[in-house]
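Colleague:
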Amino acid sequence: WHLFILVTTANFPDVMMPGYSEHRAAFAFFCTFCTLMIFFMVPMVTAVIFNQYVENERDVKAYRLKVQKDGERMAFSTMAEDGQVRNAMVKELCNEVANYLDMSHVNVTTQAASGQALVERMDKDG
Numbered sequence: 018w019h020l021f022i023l024v025t026t027a028n029f030p031d032v033m034m035p036g037y038s039e040h041r042a043a044f045a046f047f048c049t050f051c052t053l054m055i056f057f058m059v060p061m062v063t064a065v066i067f068n069q070y071v072e073n074e075r076d077v078k079a080y081r082l083k084v085q086k087d088g089e090r091m092a093f094s095t096m097a098e099d100g101q102v103r104n105a106m107v108k109e110l111c112n113e114v115a116n117y118l119d120m121s122h123v124n125v126t127t128q129a130a131s132g133q134a135l136v137e138r139m140d141k142d143g
């Protein structure tokens, strides 16, 4: 426990002085220990933890992307009739979404044609 406190350099004199008072050569041990731990072990432990964090974030991002793509496929398959999404379905969807969101700036009738173009662009299978 005392060596951990020594590595953090928080109370370095409190840890070193009792040993140094008994044997002056203890300074060599404390100096070597601190040098090795501060310049080698602490950065290595930090790097391992950071690499695990980055890997975990990459996995979470990949999972979120997979869930998003699965949701898009499910939404399209729910709306599609004979492999195509009709303008009426796009209007109905916009009206339903407008009930839950503030979409007063969207004019559904003028957006229907661009909505169909958007659906056609999203439907890469044709």
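Residue numbering for the sequence shown follows my numbering, beginning at 18 and increasing consecutively. Think of the CB as a built atom: it goes at the ideal place given N, C-alpha and C, for glycine as much as any other residue.
Measuring only the C-alpha atoms, how far is K108 from V59?
Modeller: Approximately 60 Å, taken between the alpha carbons.
Colleague: Taking one C-beta from the stretch 26 to 39 and one from the stretch 47 to 63 each time, how about it: are there three or more such pairs within less than 8 Å?
Modeller: In short, these stretches touch, since the Cβ pair count reaches three.
Colleague: Under the rule that 16 or more other beta-carbon atoms within 10 Å means buried, what is V114, buried or exposed?
Modeller: So V114 counts as exposed.
Colleague: Going by the CB atoms, is the gap between L23 and C51 shorter than 8 Å?
Modeller: Taking 8 Å as the Cβ cut-off, C51 and L23 qualify as a contacting pair.
Colleague: Is V102 buried or exposed, if buried means 16 or more other CB atoms sit within 10 Å of its CB?
Modeller: So V102 ends up on the buried side.
Colleague: Starting from E89, follow its DSSP beta bridges and name the residues at the other end.
Modeller: In DSSP, E89 forms no bridge with anything.
Colleague: Nearest-angstrom Cα distance between T95 and V65?
Modeller: Their backbone Cα atoms lie some 45 Å apart in a straight line.
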